Amino acid sequence: MIITLFITILVEGAIVIGYSIWLKKMFGPILFTSILANLITQSVMWVVLNLFFQHYLITLLIAEIFIWMVESVLLYYVPANRLRFTDAILLSLSMNLTSFTLGWFLPT
Numbered sequence: 229m230i231i232t233l234f235i236t237i238l239v240e241g242a243i244v245i246g247y248s249i250w251l252k253k254m255f256g257p258i259l260f261t262s263i264l265a266n267l268i269t270q271s272v273m274w275v276v277l278n279l280f281f282q283h284y285l286i287t288l289l290i291a292e293i294f295i296w297m298v299e300s301v302l303l304y305y306v307p308a309n310r311l312r313f314t315d316a317i318l319l320s321l322s323m324n325l326t327s328f329t330l331g332w333f334l335p336t
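Going by the numbering used here, the sequence shown opens with residue 229, and the numbers climb by one from there.
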């Protein structure tokens, strides 16, 4: 769990920094929000995956959708981020699709 969390934070942090540079936003608050959100959502996801391991793929899909929604809301509601809701949704989607895709192809 620690390794996957670390990789997720690195990958999603790179997306946040690229996004922030592209749109000329301060990346510090957005990166901090992303890290905090990942600490929460990844922990919940691992508990849920362990509880429902018999239905791993469907549980993973539902968990990833939940993570995307939670992170979108957190990115939006932290005032220092200064993100519109649509921007928060797209940023969270980009972060999570990238880390999920990379994680899917990494050896376990």
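We put the beta carbon where it would ideally sit given N, CA and C, even for glycine.
In this text the structure is predicted, and so the values were computed from the model without any measurement.
- Between the beta-carbon of ILE237 and that of ILE263 there is about 6 Å, and that keeps the pair under the 8 Å contact cut.
- Distance check between TRP274 and each of ILE290, ASN309, VAL239, LEU303 places ILE290 closest, using alpha-carbon atoms only.
- Going by beta carbons, LEU259 and GLY246 fall outside the 9 Å limit.
- As the crow flies, the alpha-carbon of PHE280 is around 15 Å from that of GLN270.
- Restricting attention to ARG310, SER320, LEU321, THR326, the CA atom closest to the CA of LYS252 is found in ARG310.
- Classified as buried, LEU319 has 16 or more neighbouring CB atoms from the shown chains inside 10 Å of its CB.
- When DSSP states are grouped into helix, strand and coil, MET254 belongs to the coil group.
- Under the three-state reduction of DSSP, PRO335 is assigned to coil, being neither helix nor strand.
- Going by DSSP, PHE294 is part of the alpha helix (DSSP H) stretching over 284-305.
- If you draw a 10 Å sphere on the C-beta of MET323, you find 16 or more other C-beta atoms in it, and that means buried.
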